[in-house]
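Just so you know, the sequence shown maps onto residues 1009 to 1197 in my numbering.
First up is the structure itself, then whatever we jot down about it.
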Amino acid sequence: MLPAHRLRPTLLVLSILGAGPAHAFSLGAPICEVQALPLAPMSPTLASPAPAGWQLRIDTPRYIPGQPLRVAVTNTDPTQRARGVLLWAKSGPVTGFGSFVVDNALWQHLPGSANCGEWAITHTSNAAKPLDQLRFDWIAPDAASTNVLFRAFVIEDCDDPTGCRSYQALTPVTVVQAGLFFDDFEPGG
């Protein structure tokens, strides 16, 4: 065990080295997906009442290989805003699927060591974003093979300049089926 006079500088150095990732949330999510709340690295508690009404809206229940699909993060309150969003697409419990198009400076594929590929997209700043900025194009792989699961983690805008990290919400999982035929030739389509 280190003597007290050496322990304090060591703890200070460790706390400074460990402080970097805590700021990464304002520049985007450091992980590929979230399965349960609260996401403790952001906040060990949830706001009370917890944010509600967040969901995904997808234009069609089927995807066409190689074609874009519009995915929107919405809320039952049309005036609600989000400070942070992490949206992902998977074909199973561990496999990312397809790719999100990054078409403006508000969004990015996950930076750094998260290594999510293009199947997840996140914000580039923690500025409040209205619902019309929470629309994304997702491109299906060239071969239809499986259903795809979409889900989003949202940090709701709480109008508090000191931060909104406890205002965490998960959308329900949305399943989109693979489309095997084109131009409405699929049975039941």
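Cβ coordinates follow ideal geometry from the N, Cα and C atoms, glycine included.
Values in this document were obtained by computation on a predicted structure and should not be read as measured data.
Would residue i and residue j qualify as a contact pair, given that the criterion is a beta-carbon distance under 8 Å?
| i | j | result |
| --- | --- | --- |
| residue 1156 | residue 1071 | yes |
| residue 1178 | residue 1042 | yes |
| residue 1094 | residue 1128 | yes |
| residue 1109 | residue 1147 | yes |
| residue 1160 | residue 1040 | no |
| residue 1173 | residue 1051 | yes |
In whole angstroms, what separates the C-alpha of residue i from that of residue j?
| i | j | result |
| --- | --- | --- |
| residue 1090 | residue 1139 | 8 Å |
| residue 1183 | residue 1064 | 10 Å |
| residue 1167 | residue 1125 | 32 Å |
| residue 1175 | residue 1073 | 36 Å |
| residue 1149 | residue 1076 | 10 Å |
| residue 1096 | residue 1062 | 15 Å |
| residue 1069 | residue 1114 | 27 Å |
| residue 1170 | residue 1085 | 23 Å |
Give the single residue among the options whose Cα lies nearest to the Cα of residue i.
| i | options | result |
| --- | --- | --- |
| residue 1103 | 1187, 1059, 1153, 1046 | 1153 |
| residue 1162 | 1053, 1131, 1185 | 1131 |
| residue 1144 | 1060, 1101, 1187, 1106 | 1106 |
| residue 1087 | 1142, 1118, 1057 | 1142 |
| residue 1047 | 1092, 1118, 1112 | 1092 |
| residue 1151 | 1118, 1186, 1049 | 1186 |
Is there a Cβ from chain C that is less than 8 Å from the Cβ of residue i?
| i | result |
| --- | --- |
| residue 1166 | The chain inventory of the structure shown lacks chain C, comprising one protein chain alone. |
With burial defined as no fewer than 16 other Cβ atoms inside 10 Å of the residue's Cβ, what is the status of residue i: buried or exposed?
| i | result |
| --- | --- |
| residue 1044 | exposed |
| residue 1165 | buried |
| residue 1029 | The predicted position of residue 1029 is uncertain, since its pLDDT is 29 and thus under 50; a value taken from the coordinates is nonetheless stated next. It is exposed - the Cβ of residue 1029 has fewer than 16 other Cβ atoms within 10 Å. |
| residue 1135 | exposed |
| residue 1120 | exposed |
So is the beta-carbon of residue i under 7 Å away from any non-hydrogen atom of the ligand NAD?
| i | result |
| --- | --- |
| residue 1094 | The ligand NAD is absent from the structure shown, which contains no ligand whatsoever. |
- If you scan the stretch 1034-1067 from start to end, which runs of the beta strand (DSSP E) of 3 or more residues do you find wholly inside it? 1062-1066
- beta strand (DSSP E) runs contained entirely in the stretch 1066-1093, provided each spans 3 or more residues: 1076-1083
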